[in-house]
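Protein chains: 4
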Amino acid sequence: MHRNHYPKIWLSILVCLILPAVALAAQAEGSKKEDKTAIILASFGTTVPSGVEDILNIQRKVEAAFPGIPVRNTFTSNIIRSVWKKRQAEAQKWLDAGIPADILYVKNVISTFGDLLEEGYRNIIVQPTHIFFMEQSHDLMQYVDAMRSIRTIKEKWRPFDKIAFGRPALGTIGPRYDYANDLEKALETVASDVELARREKAALVYMAHGNEFWPSSIFIEAQKKMREMYPQVMTLFGVVEGSPGIDEVVEALGEAKPKFKTRKVVLKPFMIVAGDHAFNDMVGDDEDSWKNTLTAKKYQVTPVLKGLGSNDAFAQIFVKHIRDAARDAGIALP
Amino acid sequence: MHRNHYPKIWLSILVCLILPAVALAAQAEGSKKEDKTAIILASFGTTVPSGVEDILNIQRKVEAAFPGIPVRNTFTSNIIRSVWKKRQAEAQKWLDAGIPADILYVKNVISTFGDLLEEGYRNIIVQPTHIFFMEQSHDLMQYVDAMRSIRTIKEKWRPFDKIAFGRPALGTIGPRYDYANDLEKALETVASDVELARREKAALVYMAHGNEFWPSSIFIEAQKKMREMYPQVMTLFGVVEGSPGIDEVVEALGEAKPKFKTRKVVLKPFMIVAGDHAFNDMVGDDEDSWKNTLTAKKYQVTPVLKGLGSNDAFAQIFVKHIRDAARDAGIALP
Amino acid sequence: MHRNHYPKIWLSILVCLILPAVALAAQAEGSKKEDKTAIILASFGTTVPSGVEDILNIQRKVEAAFPGIPVRNTFTSNIIRSVWKKRQAEAQKWLDAGIPADILYVKNVISTFGDLLEEGYRNIIVQPTHIFFMEQSHDLMQYVDAMRSIRTIKEKWRPFDKIAFGRPALGTIGPRYDYANDLEKALETVASDVELARREKAALVYMAHGNEFWPSSIFIEAQKKMREMYPQVMTLFGVVEGSPGIDEVVEALGEAKPKFKTRKVVLKPFMIVAGDHAFNDMVGDDEDSWKNTLTAKKYQVTPVLKGLGSNDAFAQIFVKHIRDAARDAGIALP
Amino acid sequence: MHRNHYPKIWLSILVCLILPAVALAAQAEGSKKEDKTAIILASFGTTVPSGVEDILNIQRKVEAAFPGIPVRNTFTSNIIRSVWKKRQAEAQKWLDAGIPADILYVKNVISTFGDLLEEGYRNIIVQPTHIFFMEQSHDLMQYVDAMRSIRTIKEKWRPFDKIAFGRPALGTIGPRYDYANDLEKALETVASDVELARREKAALVYMAHGNEFWPSSIFIEAQKKMREMYPQVMTLFGVVEGSPGIDEVVEALGEAKPKFKTRKVVLKPFMIVAGDHAFNDMVGDDEDSWKNTLTAKKYQVTPVLKGLGSNDAFAQIFVKHIRDAARDAGIALP
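Written out as structure tokens, the structure reads:
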């Protein structure tokens, strides 16, 4: 018999699988079909437990803003999901450590859409927790467009009705939303970083991600904007991939105008999550970590190991972008 | 803390979820990345346990033909999946009754793709267990095309490499494969139905599904072909939806040429599964079931409650169509 | 100099090209941008001058129904357009013979869209002059979908705003419009054909096109419907490609019920145009033309060499389908 | 009669239209179907006659590189095409002035594809004459993707077989071709600009286009690269739209390091064409033209009114990119 293909272990496993579905079914009954909207919070992901908190903070803000609307996390990085998959072997340990189940068992984008379809959500808002529209957002949008493209003979069997796609924190390409305005709004939320640097009489150095195959001046423009908005402190942006790297940051520190001359640096990731890049590239023990590079140049470095996600005002940006995307797509939100 | 949102029950549930993933990971290691191919057997689905066996028979044939290639069932009907979802509340009962776990917990197409992505399958062959290219195949193809459409900036992050889509049992629209030839090959597999009717000196009446919004002569052509291939027996096709219905079948029986005149009918579903339509529309207690309609007209009816899926030669057609689709898509199979 | 690549002949040719553009520009000024709607009447095409009149009759009906909206003909057949291209060498002869310039210089679908874009038409209604949704409509829809898919960064540079696609005369696949209803409405328009056959005490035999790779029962259903609607006459449909062919028509004539027994046949194309198929396959001199086949079987044949396009009531169907498609796409029409 | 709708003027016009078609048909006969490849050179366009020469120079290079392959110009700007359309009223004047007919009668992208389809070209290489992948290339790619998306039931009726899309001069987004490498190769071609500035003991200021809704550091990177490649001269890039504008260029000139201090500027468009932007924004009489802005700041300006298209080595880049795109798409070229 075919069922013999399945080892006994499946029996207990599968019994377990029932409950969430039942719970969800119950939840679903309370709302009318036309109301069934869900939000997918799509992050690149992180394996660093403290970094998870940066993402959870955004999730909490979004949940608070849209009561009754489920907010699902998805991690787009295959590698990061595979790390969590291995950790599932010691699930209790991770759950006890405060990792929510939906992070420990985090799913890919396709499966997350599949789950929501199964639970009867027809309107989906996908909100990337990305800094700007670059590779990650481009690729994610491809998944969103794929889901949008499914057209059935009978309209009622279409898996989804409306799918909205929110723009990243600093905005996106195109004329619909002025990214210069988004950028300014976002930079208003980092005033406390500037204040810290000012108190320390330090320069503020942000480590952004960057890339090598998509030229984007967003961090150059951010740096210029920071100087206008916060003229009291010299803010510099460097990137892990592409240019300007830490060497150029060091060079710029050296060439600072007299009023900005300082031997002190507040060093902070300009990333949603203080994760692998923050703990390794930024403050790791390697000689060429940013901290060690700066220290070798006689700078006194104050690292801040917090992602932008844990900045409440910054996290709130995603609430705004969800609201905009939903409105543009004709999805009603509370 | 955010984790408090999750009730304690999740803990045990989620521990259970680990094991399949671990098993799958182990399975995956044995094969090189370029070999990772999986087959999705996409059925409309059935809630009738004996009907499930029709689908499992196809699955077994496919698994036997392609050793080492996982074959996943998906049911495309939302309604049918929701019935199974309710049954999950009494999972052990269903498992004990021989329902495999992957039917009891059957997933939608999107989630099935999501699972395979997660397990690292880059080449996917979707084989519908459909009779002919009609609404079901059209809609399924939309999902397949959506998955194909996802293009990432870096090729290596594309979720899937090659996705093949097999044609239904009686073939498909278009010149790539001659459906007349597919039809003939398929009808060769039902010789035993004819033989049964011949022995019984009965007419052979097939109940097909049909539809009301996509004119297709496939069953009219099948009927004509049956008469050529099996001239000893009068074969008639009727459809549940659209035309010709049972009334026209009755009329045709009445107008049979002298050599075919008979008061006996072998009545069988021309569907993959002997499911709801077979048990209700065909032989149900309602006055207007096909059996009762024929009986009322003084025909002696021998119903056969077996789907085409349980006909081994018919099931084998899908193996052939998988092989063709894989070859056309450049996917190597064992 | 590069301009020397162009022979002198170009100079006079190109001067000629100015005028239509100027005329169109003048025409365009009178209407506001949001009003600029054009209709493309897409036919397979014909090389037979009298057949052209079948298409022109439809065009006249559409132009009369939507005053002020330009109606452009396009022929989708590469072969037919290439015949007209050769005839352009004797343009005056053809123009004198009453062939309109936009037929003699008929363009493909892509160029027709290109022209309309150039003239500032942002809303386009494509109306196929097809009998039913089969290969021709499928392929045409691909072009329409391609034009619809073009999305520019700035909305204002999108080449087209709304593109509607009308359904063929006998309807289309899917639930939006019930094809059984469309079929009935269409068959109401051929009452005069039936009347002719009735007066002649003849059977009415329609030659439809058909195909060999897309099973469709539309003509089988049409035949059945004709018998219901016009019980006084035996109507038979045969097809040039696929089944039932003329042999089956002959067989059916032979097996006619007593009240329909006749040696007379009214033979007419069930095609938009009485073109190549009508003049060759239907009434050509070849032994196996339908007329000769019937004559050889001792039937007295009255051929009618008129396409459905020249039937005013039938032509009017396309006006209705344009109106439906425009409404569904949100395009206002007069 | 319908033909009466057409004024007499059409008769002579249309006779003219024959000849190109006849010529093209003749040309087509010499090559086998599988060889029929054409190149579309897609430019934003220009209305400035001397600017046309910049485009023609690229066309000549491409024609010389691929003998026997037709190279068609298309202008993507609706506004620019509409200017040429008005000029067609004085066609002879423009033709006498050396404007080639295919510029005077320049078509949009869709019509250009339509023409090539009509003439039997199945393989099309679209090469934008763009500087970098920004709005123009994005939008153009949408048209290309639309043409690629057309799939007919029978493969042989697909309008096009292979469609390649070449990357802009300085490269494109994504990992297929390293834009840093493309950038370097492109900047090697402007050595003579640097040499001119060096001889004049001037700074070299390039006016690029830029934009306000797609942050791109390509010109910032270009400026940095120029300083590495040509350390003897200070090269600055400013943009017409977005940032850095002329004010920032002036500021940078003022802050030049001692060895670069100069009151002289060589001012040149970093655009394919020295067109409207060059003649107005760069050297126009308005007080805020770049030249006047610099002059007001006491700089001595030497403007160079040549587009990059007229730089033979730069024009040759497009030959290379056509070759790469064709190879990637599997199109053979001479």
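Protein chains in written order, with our numbering: chain C, 1112 to 1445; chain G, 1112 to 1445; chain W, 1112 to 1445; chain P, 1112 to 1445.
Just so it is clear, CB atoms sit at the ideal spot from N, CA and C, and this is done for glycine as well.
{"Query": "Cβ pair count under 8 Å reaching 3, the region 1305–1325 of chain G against the region 1278–1286 of chain G", "Result": "no"}
{"Query": "Min CB distance Tyr-1290 (chain G) to chain W below 8 Å", "Result": "yes"}
{"Query": "Minimum length 4: unbroken alpha helix (DSSP H) runs contained in the region 1307–1383 of chain P", "Result": "1329–1340 and 1357–1365"}
{"Query": "Endpoints, the alpha helix (DSSP H) within which Leu-1152 (chain G) is located", "Result": "Careful: Leu-1152 (chain G) lies outside any alpha helix (DSSP H), inside the beta strand (DSSP E) at 1148–1154."}
{"Query": "8 Å Cβ cutoff, Asn-1234 (chain G) in contact with chain C", "Result": "no"}
{"Query": "Beta-carbon spacing of Val-1316 (chain P), Val-1377 (chain P) below 8 Å", "Result": "yes"}
{"Query": "Residue nearest to Asp-1226 (chain G) in terms of C-alpha spacing, selected from G:Gly-1386, G:Ile-1428, G:Thr-1185 and G:Trp-1268", "Result": "G:Thr-1185"}
{"Query": "Option in P:Val-1217, P:Ala-1389 and P:Gln-1343 with minimal Cα separation from Ala-1302 (chain P)", "Result": "P:Gln-1343"}
{"Query": "Where Val-1194 (chain P) falls: helix, strand or coil (DSSP)", "Result": "helix"}
{"Query": "Which of helix, strand or coil DSSP assigns to Tyr-1288 (chain P)", "Result": "coil"}
{"Query": "Residues near Val-1133 (chain G) by beta carbon distance below 7 Å, same chain, minus five either side", "Result": "In this predicted model, Val-1133 (chain G) has a pLDDT of only 34, less than 50, meaning its place in the structure is not dependable enough to derive any value."}
{"Query": "The region 1189–1199 of chain G in contact with the region 1154–1172 of chain G per 3-pair CB rule at 8 Å", "Result": "yes"}
{"Query": "Members of the region 1248–1267 of chain P near chain C, C-beta cut-off 8 Å", "Result": "none"}
{"Query": "Residues of its chain near Asp-1272 (chain G), where Cβ-Cβ distance is below 6 Å and the 5 sequence neighbours each way are ignored", "Result": "Arg-1233 and Asn-1234"}
{"Query": "Rounded straight-line distance, which links the Cα of Glu-1332 (chain C) to that of Asp-1358 (chain C)", "Result": "19 Å"}
{"Query": "Proximity of Ile-1274 (chain G) and Ala-1149 (chain G) at Cβ, strictly below 8 Å", "Result": "no"}
{"Query": "Opening and closing residue of the alpha helix (DSSP H) in which Pro-1160 (chain C) lies", "Result": "1160–1176"}
{"Query": "Near-chain W residues of the region 1330–1343 of chain C (beta-carbon distance less than 9 Å), N- to C-terminal order", "Result": "none"}
{"Query": "Any alpha helix (DSSP H) of 4 or more consecutive residues that is wholly inside the region 1374–1433 of chain G", "Result": "1401–1407"}
{"Query": "Validate contact between the region 1387–1400 of chain P and the region 1410–1417 of chain P using beta carbons, cut 8 Å, 3 pairs", "Result": "yes"}
{"Query": "Segment contact, 8 Å Cβ cut-off, at least three pairs: the region 1324–1340 of chain G with the region 1283–1299 of chain W", "Result": "yes"}
{"Query": "Which of helix, strand or coil DSSP assigns to Thr-1157 (chain P)", "Result": "coil"}
{"Query": "Cβ of Gly-1285 (chain P) within 8 Å of any chain G Cβ", "Result": "yes"}
{"Query": "Inter-residue spacing [alpha-carbon to alpha-carbon] between Val-1305 (chain C) and Ser-1354 (chain P)", "Result": "24 Å"}
{"Query": "Simplified DSSP assignment, three categories, for Val-1305 (chain W)", "Result": "helix"}
{"Query": "is_contact[Ile-1465 (chain P), chain W] using C-beta, thresh 8 Å", "Result": "Residue 1465 (chain P) falls outside the range modelled here, since chain P spans only 1112 to 1445, and no answer is possible."}
{"Query": "Chain W contacts made by the region 1299–1327 of chain G, where a contact means CB separation under 9 Å", "Result": "Glu-1323, Phe-1324, Trp-1325, Pro-1326 and Ser-1327"}
{"Query": "Chain P residues whose Cβ lies nearer than 7 Å to that of Glu-1246 (chain W)", "Result": "Ile-1264"}
{"Query": "Same chain only: Cβ atoms within 7 Å of Met-1393 (chain P), ignoring 5 sequence neighbours per side", "Result": "Met-1318, Leu-1378, Pro-1380, Ser-1400, Trp-1401, Lys-1402 and Pro-1414"}
{"Query": "Coil, strand or helix - Ala-1132 (chain C) by DSSP", "Result": "Any reading at Ala-1132 (chain C) must be qualified, since the residue scores a pLDDT of 37, below 50, and its modelled position is unreliable; the value itself is stated next. Looking at Ala-1132 (chain C) - three-state DSSP - the assignment turns out to be helix."}
{"Query": "Rounded C-alpha distance that separates Gln-1427 (chain G) from Gln-1170 (chain G)", "Result": "10 Å"}
{"Query": "Delimiting residues of the beta strand (DSSP E) encompassing Gln-1238 (chain W)", "Result": "1234–1239"}
{"Query": "Touching by the beta-carbon criterion (3+ pairs, under 8 Å), the region 1254–1262 of chain C and the region 1247–1265 of chain G", "Result": "yes"}
{"Query": "Residue-level contact to chain P via CB, Ile-1428 (chain C), 8 Å cutoff", "Result": "no"}
{"Query": "For Ile-1221 (chain G), the three-state DSSP class (helix, strand or coil)", "Result": "helix"}
{"Query": "Interface residues of the region 1349–1377 of chain W facing chain P [CB-CB below 9 Å]", "Result": "none"}
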